[in-house]
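Heads up: the protein sequence lines correspond to chains A and B, in order.
Quick note on numbering: the first sequence equals residues 1 to 572 in full-length UniProt numbering.
Quick note on numbering: the second sequence equals residues 1 to 177 in full-length UniProt numbering.
For each residue, glycine too, the CB sits at the ideal point set by N, CA and C.
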Amino acid sequence: MLKRSEDEDGPGRGPHDLRDASTCQDVLSLSISSTAGYPVGGTEMAPSVQYHCACLSSSPAPPPPHLPSSSSSFHPLHTLFFCEECDAVRCNRCVAVEVSTYYCPNCLFEVPSASVRAEKNRCARNCFMCPNCRNTLSVVPSDPPENSDGRLTVPISAVGEPPFFLYCNHCRWDSAEVGITFEKPTGLAAQLQKFEDSAPDSLEFDRLKEHFEPFIPAASAALARDIPGVSKYNPSQGDEMTEYRSRVDIATASRMGTGGGDADVEYMRHLETVSEVASLNQRWTSSWATSFQARDLKPLRIPLHSKRSKRCPACTHILIKPEQKAQSVRYKIKLVAANYLPAITVTLPHAQQAQAEAARRSLGKSTAAAPEDDRGGSGVGMHAGKTYPFHLALTNPLYDPIQVRLSVQRMHVSTATTTSADGSATEKARRPPFAVSLPTSSFPIAAFAEAWEYEDDEDMFGVDDDEVGAGRGGREKDGRGKVKTVGVLEKRANVTVVGGEVVIGKEARGAVKFNMLVSYTYRSDDPAPSEGNDGSPTKSTKPPEIKTFAFYTVVDLGLIIPREDVRLDSES
Amino acid sequence: MAPIRDKFTIHSKAIVCQDVELKGDITIGSGTIVHPKATIFAIAGPIVIGSSCIIEEGAIIVNRRKEVMRIGDDNLFEIGCRIESPTVGDFNTISTRARVHHTVRIGSYCVVGAGCLLVPTEDEILDDYTVVYGPAAERRKWSGRGKVQEADLRRKHAEYLREMLPKFNRLRRGDGT
Ligand SMILES: [Zn+2]
Ligand SMILES: [Zn+2]
Ligand SMILES: [Zn+2]
Ligand SMILES: [Zn+2]
């Protein structure tokens, strides 16, 4: 399949810079990746387009969008990969993940995997996190002793003296508050780890490990090597398991005040201010259950991050592979879907116009006015029984022009709602709540070109001056009837904007959400499957000049404001 | 309201850049540095700023009250902060984009973190060593450990600016000179 080559990224780089950044984020950050980029259900107001990955369904068609479970089949474009071998979209759910480097996000030290376990997945150099606010701590010497008169004398170029302690520049927490100081400013992590390792939970865990060691011979090795190997585990060998005796019995542990026992209850009874209790946020970053008294919080060694490679689940070809060095944000292999599929963004002109007006109104006000005020403003929602235009902007990432055809996936509303327990709801929903019109004929999108390849600005930005959403909406309003709402509205550079329309039923409620099939034809540059050295033949051996690729998306235009609510609004 | 009478008293050792907005009765002490694009508005009462303070770009200091707004020594007002407190002690840091209402009086060695809003409706006093931080403007008490080093750093910061700013900016002088 035709794709943009990575090597051609010149010094200025193209408009896909942003996309690069977002995929980096996804691959680089271990802890954030699972939530970043996914709009939280219900709170995200802006209309969105997400792309389908077929890994969860047996058919290539996606599940109906009104089923809540469908959300796990759709993903933002920047989180998806594209396997050239299979000619298919892959998502983070179906790819196979391998860790290629562990590193500390603070000092960028690459930690050899052998040390990762011994150092308990945290940086063993001088990187610490504030247990109070999670900022990075710095090692500072103590102040020289204060003068007897109490006035602050500032010696020029003050040289600090031991003891050293860890200090948070943000919330001014310091480790001396919890009695942790150091005679030398080096090797602090080792000292802290000794501390961690002597925690009762840690000792108990070590003992447990020791206890189970004989029963899992080689199982952990097999597990690490190959997941299917786990099934080979034969439990009959280890049936003579001795009874485990804990280091500390539960009653003693609870008396120590970590396990929610009487000691903790007693402590809570005598609480004076809430800040005496460490918040959940402050406690769950530590490896072991800790006391929930804020004054017991210990500095934390910074958890390691990893860089990961991902493989296609079907053909095991690598889809993304970062460069080994922690400092590098480049990739050796990067087959992201954004380089193959057109990017689609959806906008509602009427909502944009309302927002622009609200922004103009709030501009005069003081900066204190919260932007949240505009949320749910009168113009933004879609009312039942009305018709709204919407715009789809499609951006071509390929170096060749493409021809795109859009179609709405038919919804089997009747079958979908029979499962509904509520009788009246079923009856209401039998009529489709809304009808979507899209351009029926195919339309072209010009090839991607680097910014400097355009002769002048007009080529790049188009001749229309309606770049701003408000302007575009305005045009719609003035010339209703004259200006077409369904069809190609605008072409500039490698972006084509098409208009669609949604007619919302009188009794409709819920979200305007529909599956859209996008198919596009492109000129194939590699006629013979010369790259397929693994012997798998591609579909056609004859060199076809034109190929077609199709994929599903879900378009979410937002919630319908039902009739009843409108009445209530107007009464109040 | 009567029109504001401008009266600027700037110590000869203060560094006040030409491109600052001053309005009303303002006194700026020795060694204090006012970056370009800073704003000091004595709308109602006068503003008196002590010595060796640093007021960065876009910082806004406003006195809405009739009484004198007194700012002590060695305070740091970072970029884009806005402060209307009637009194400010010494060695405080008001971080970037923080906002402090006229209902808050600030002691000494306090830190108002980046972007924190301190806008209570009732009058209150920030005790010495109060730290306000984080998106929820949480508060805690600083032990004061490390303050000598921080003060030392503040002095060096000011010293550097006193040397560098006049090389690239025209300075404002007080009415007296
Ligand atoms: Zn998938
Ligand atoms: Zn580190
Ligand atoms: Zn902190
Ligand atoms: Zn594949």
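So which of the options has the shortest CA-CA distance to residue i?
i	options	result
V486(A)	V497(A), R125(A), A493(A)	V497(A)
Y522(A)	A114(A), N126(A), F128(A), P397(A)	P397(A)
K194(A)	E507(A), A393(A), K298(A), T548(A)	K298(A)
V14(B)	D175(B), F168(B), E57(B), R162(B)	According to the sequence displayed, residue 14(B) carries Ala and not Val. The shortest C-alpha separation from A14(B) is found at R162(B).
R172(A)	R139(B), H157(B), D19(B), G80(B)	R139(B)
F165(A)	A114(A), C315(A), A199(A), M129(A)	M129(A)
S112(B)	T93(B), R170(B), E67(B), L153(B)	Per the sequence presented here, residue 112(B) reads as Val, with Ser not at that position. When only C-alpha atoms are compared, the closest one is T93(B).
T39(B)	D19(B), Y133(B), G45(B), R65(B)	D19(B)
G72(B)	C81(B), A137(B), S30(B)	S30(B)
T186(A)	A199(A), P141(A), D206(A)	P141(A)
L394(A)	E210(A), W452(A), L67(A), Y520(A)	Y520(A)
R405(A)	V488(A), A435(A), N339(A), A337(A)	V488(A)
I318(A)	V95(A), L67(A), L557(A)	V95(A)
S407(A)	A384(A), K120(A), A550(A)	A550(A)
S143(B)	Y109(B), C116(B), R173(B)	Y109(B)
S175(A)	V139(A), D206(A), D197(A)	V139(A)
G499(A)	E450(A), H391(A), A493(A)	H391(A)
R308(A)	E119(A), R492(A), D87(A), A326(A)	A326(A)
K141(B)	H170(A), N121(A), R245(A)	H170(A)
So, at 8 Å on beta carbons, what are the nonlocal neighbours of residue i in its own chain, with the 5 sequence-adjacent residues on each side left out?
i	result
C91(A)	C53, C55, H75, T79, L80, F81
Q409(A)	A61, P62, F514, N515, M516, L517, Y552
S275(A)	A294
N169(B)	C17, Q18, D19, P36
G535(A)	Its pLDDT being 42, under 50, G535(A) is placed unreliably in this model, and the coordinates cannot settle the point.
CB of residue i to nearest heavy atom of ligand 4: below 7 Å?
i	result
C312(A)	yes
E98(A)	no
H317(A)	yes
E243(A)	no
C110(B)	no
C116(B)	no
E85(A)	yes
Which same chain residues, not among the five before or five after residue i, have their C-beta less than 7 Å away from its C-beta?
i	result
V104(B)	S85, L118, P120, E124, L126
E531(A)	At E531(A) the pLDDT is 43, less than 50, meaning the model places this residue with poor confidence and gives no usable figure here.
S69(A)	P63
W288(A)	A199, D201, S202
I10(B)	V16, I28, R172, R173, G174
F8(B)	L22, I26, G174, D175
P65(A)	K513, F514, N515, V554
So, for residue i: in the same chain, excluding its five sequence neighbours on each side, which residues have a beta-carbon less than 6 Å away from its beta-carbon?
i	result
C123(A)	C104, R301, I302
G107(B)	G89, L126, D127, D128
L559(A)	A511
A114(A)	none
Checklist entry - With distances taken from each beta carbon to the nearest heavy atom of ligand 3, which residues come in below 6 Å, in chain order? => result C130(A), N132(A), C133(A), N135(A), C168(A), H170(A), C171(A), W173(A)
Next on the checklist: As a quick check of your reading: which residues have a C-beta less than 5 Å from at least one non-hydrogen atom of ligand 1, in chain order?
Outcome noted: C53(A), C55(A), C91(A), R93(A), C94(A)
Next on the checklist: Which residues neighbour ligand 2 when neighbourhood means a C-beta less than 5 Å away from any of its non-hydrogen atoms? List them by chain order.
Outcome noted: Chain-ordered list of matching residues: C104(A), N106(A), C107(A), C123(A), R125(A), C127(A).
Checklist entry - Counting pairs of Cβ atoms below 8 Å between the segment 316 to 329 of chain A and the segment 98 to 114 of chain A, do you hit three or more? => result yes
Checklist entry - Three or more beta-carbon pairs under 8 Å between the segment 440 to 450 of chain A and the segment 386 to 405 of chain A, yes or no? => result yes
Checklist entry - Counting Cβ pairs, one atom from each stretch, are 3 or more of them under 8 Å apart for the segment 127 to 134 of chain A and the segment 339 to 348 of chain A? => result Using a C-beta cut-off of 8 Å, the segment 127 to 134 of chain A makes no contact with the segment 339 to 348 of chain A, since fewer than three inter-stretch Cβ pairs fall below that distance.
Item to check | Meets three-Cβ-pair contact criterion under 8 Å: the segment 103 to 119 of chain A and the segment 331 to 338 of chain A | outcome: With the cut-off at 8 Å, the segment 103 to 119 of chain A and the segment 331 to 338 of chain A do not touch.
Next on the checklist: Contact between the segment 50 to 59 of chain B and the segment 33 to 40 of chain B is defined here as three or more beta-carbon pairs at a separation below 8 Å; is this criterion met?
Outcome noted: yes
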